[in-house]
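Visitor: Let me give you the structure first, and then I'll get to my questions.
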Amino acid sequence: MVVIGVHSAKFHREGETEAVRDAVRRMEIRHPVIVDQRMKMWQSWGVRAWPTIVVIDPEGYAVGGVSGEGNAQVLDQLIATLLQEFGSAGKLDRSPLPIAFSGPPQRPLMYPQKITAHPLTRQIAIADTGHHRVLVSSPLSAGADDARVLRIACVAGCGEAGQKDGSFDSAQFHMPAGLTFDPSGKILYLADTENHQIRKIDLDKRLVTTVAGTGRKSAHYPPHPGKGIWCALNSPWDVLQIGNILHIAMAGSHQLWTLDLISKECRPFAGTGRESKDDGPRVQSSWSQPSGLSADGRWLYVADAEDSSIRKVSLEADGQVISIVGGHLFDFGDRDGVGEHARLQHPLAVLFHEGKLFVADSYNHKIRLVDPARNCIQGWAGTGAAGLRDGDPSAAEFSEPAGLALLDGRLLVADTNNHAVRVIEISSGNVATLDIRLDEISANVGTDP
């Protein structure tokens, strides 16, 4: 028995072989993946939806197929029957495929997804996603001599994928993503994406605890509201604390949720769970993999990744959802402009600053600037080509940037496929790469899988 992934890309970037190779490494996929360029296999098999799964028996016949999520039990039963039938007949080849997994080169960071900074402690926290850990820096120096050096003060997580609370050197995460400091700067809240949990990282006690999520993806779609660790979640991607409320970009169920940090009540805030793009009253709205959050006190701004849009939702009790820039589910590209005429490609982060929004336009490899008052977007940094180049913003290059933070007049960028943190001077737009220093950490620095 073998699993073969067929990658029929929606976005232009996802159809590039090198981008698929990076995704395979990032998600630690161990089965072969076919890059279905120009959707040839998609068309020949009559596929209409992602995901579609087809079961082929050892004699080459397609004996079953399903579309959509939530079909594990049906597939398990069919595969078990086929294994029994063809195993008894001696028609199964049980030798493993001769495939070697090639991981990325060893670096201090591996596929960092998100980044955050605290304005008072001036510490930076990085979701070192590929290493399944969180790095927290010493206060970032504003001095000219070492402003580009980031010294790591502590590491939360042992560096192995898993699900475990406890001390920093024993705790385990699985593909951690969005994180946010509490007002004191002593607590981090983390979207532990593949564990479907929200974790609390206490920097004083050096302790990790779970505050929401059972550790398994919700069996219900969309997930049901609940309390704390008894409430099953679905792929939380980003978090943002506003007062005693933690806002959650629940990408897996195409919703925004909230967690009351006092009562631990966890419930939907916006979105029905239908993957689409519908504005209006927040409880009736629809979203498509919301993946990045920011706020200005009145509005919650959202990078709605799969429909390539930047949207906002009022924080008032009867709040409305309003789209700022971007089209609908299959409208994407790279075009400056106003409202629904503008085009982005799978943006993963948004950051409000002085009346403007910085956007990590991930698949376009750019940092772009949105004016929410005029509903318009323009390019700011990045050529649009995947690469690693510092300097002038018109010549700089990124590779699928996914996280943004602000500190001391500088924009910090989690440049995911470059395994790097970039820093952009807001006044000039000049781009540089931070030197991540782990040499002061005596242990718990993780290893590449």
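When we follow the numbering used here, the leftmost residue of the sequence shown carries the number 163, and every step to the right adds one.
All residues carry an ideal CB built from backbone N, CA and C; glycine is no exception.
Spell out the partners DSSP gives MET412 in its beta bridges.
Guide: PRO398, GLN417
Visitor: In whole angstroms, give me the CA-to-CA distance for PRO258 and ILE166.
Guide: Distance from the CA of PRO258 to the CA of ILE166, rounded to the nearest whole angstrom, comes to 13 Å.
Visitor: Per DSSP, what kind of secondary structure is ASP493 in: helix, strand or coil?
Guide: coil
Visitor: Using beta-carbon positions only, say whether ASP440 and PRO452 come within less than 8 Å of one another.
Guide: Result no, Cβ atoms of ASP440 and PRO452 do not sit closer than 8 Å.
Visitor: Out of SER346, ILE486, GLU502, ASP498, point me to the one whose CA is closest to PHE492's CA.
Guide: GLU502
Visitor: Let me check understanding here. Comparing Cα to Cα, which of PRO384, ALA171, VAL168, ARG200 lies closest to ARG436?
Guide: Of the candidates PRO384, ALA171, VAL168, ARG200, PRO384 places its Cα closest to the Cα of ARG436.
Visitor: Nearest CA to the CA of THR578: which residue from MET189, ALA594, PRO563?
Guide: Across the set MET189, ALA594, PRO563, the C-alpha of PRO563 shows the shortest separation from the C-alpha of THR578.
Visitor: Take the Cβ of ASN406 as the centre, count every other Cβ of all protein chains shown within 10 Å, and call the residue buried at 16 or more, exposed below.
Guide: exposed
Visitor: Look up ARG599 in the DSSP assignment and say whether it is helix, strand or coil.
Guide: For ARG599, the three-state secondary structure derived from DSSP is strand.
Visitor: Buried or exposed: where does LYS253 fall if 16 or more other Cβ atoms within 10 Å of its Cβ makes it buried?
Guide: exposed
Visitor: My guess is that GLY347 and LEU302 are in contact by the Cβ rule of under 8 Å, so how many angstroms apart are they, rounded?
Guide: Not confirmed; about 13 Å, so no contact.
Visitor: By how many angstroms is the C-alpha of ILE404 removed from the C-alpha of PRO345?
Guide: PRO345 and ILE404: Cα-Cα distance of roughly 9 Å.
Visitor: Rounded to a whole number of angstroms, what is the C-alpha to C-alpha distance between SER471 and PHE494?
Guide: 9 Å
Visitor: Just the Cα atoms here: how many angstroms apart are ALA211 and GLY571?
Guide: The alpha-carbon separation between ALA211 and GLY571 amounts to approximately 44 Å.
Visitor: In whole angstroms, what is the alpha-carbon distance linking LEU408 and GLU176?
Guide: Rounded to the nearest angstrom, the two C-alpha atoms are 31 Å apart.
Visitor: Among GLY340, VAL593, PHE514, which residue has its Cα nearest to the Cα of GLY565?
Guide: GLY340
Visitor: Note down, in chain order, each residue of its chain lying with its Cβ closer than 7 Å to the Cβ of VAL168, except the 5 sequence neighbours on either side.
Guide: Sequence-distant partners of VAL168 (beyond 5 residues in either direction) whose C-beta falls short of 7 Å from its own C-beta, in its chain, are ILE196, ASP198, MET203.
Visitor: Would LYS528 and ASP400 qualify as a contact pair, given that the criterion is a beta-carbon distance under 8 Å?
Guide: Contact: no.
Visitor: So who's on the other strand from ILE428, going by DSSP bridges?
Guide: The amino acid occupying residue 428 in the given sequence is Cys; Ile does not appear at that position. BP columns for CYS428 point to GLY388, LEU421.
Visitor: Does the distance from the C-beta atom of LEU423 to that of ILE410 stay below 8 Å?
Guide: No, they are not a contact pair.
Visitor: If you measure between the beta carbons of HIS416 and SER448, is that distance less than 8 Å?
Guide: The answer is yes: Cβ separation under 8 Å.
Visitor: Is the region 538-550 close to the region 312-330, with three or more CB pairs under 8 Å?
Guide: They do not touch, by the three-pair rule.
Visitor: So, does the region 267-274 touch the region 329-336, judging by three or more C-beta pairs under 8 Å?
Guide: Flag = no, the region 267-274 and the region 329-336 do not touch.
Visitor: Quick one: what's got a C-beta closer than 6 Å to ASP307's C-beta in the same chain, skipping five residues either side?
Guide: Residue placement at ASP307 is flagged as unreliable, the pLDDT there being 47, under the threshold of 50; the coordinate-derived value follows with that caveat. Within the same chain, ASP307 has no close Cβ partners at all.
Visitor: Which term fits TYR525, buried or exposed, when burial requires 16 or more other beta carbons within 10 angstroms of its beta carbon?
Guide: buried
Visitor: Among all the DSSP beta bridges, which residues are the ones paired with ALA224?
Guide: ILE218
Visitor: Roughly how many whole angstroms lie between the Cα atoms of LYS389 and ILE598?
Guide: 38 Å
Visitor: Would you report the Cα separation of ILE215 and LEU240, rounded to the nearest angstrom?
Guide: 12 Å
Visitor: Assign VAL168 to one of three DSSP states: helix, strand, or coil.
Guide: strand
Visitor: Can you tell which of ILE286, ASN233, LEU245 has the C-alpha that lies nearest to the C-alpha of GLU221?
Guide: LEU245
Visitor: Indicate the three-state DSSP secondary structure (helix, strand or coil) for PHE248 in the structure shown.
Guide: helix
Visitor: In angstroms, rounded to a whole number, what distance separates the CA positions of SER397 and THR355?
Guide: SER397 and THR355 have their C-alpha atoms some 5 Å from each other.
Visitor: Buried or exposed for HIS382, please, with buried defined as at least 16 other CB atoms from any protein chain shown within 10 angstroms of its CB.
Guide: exposed
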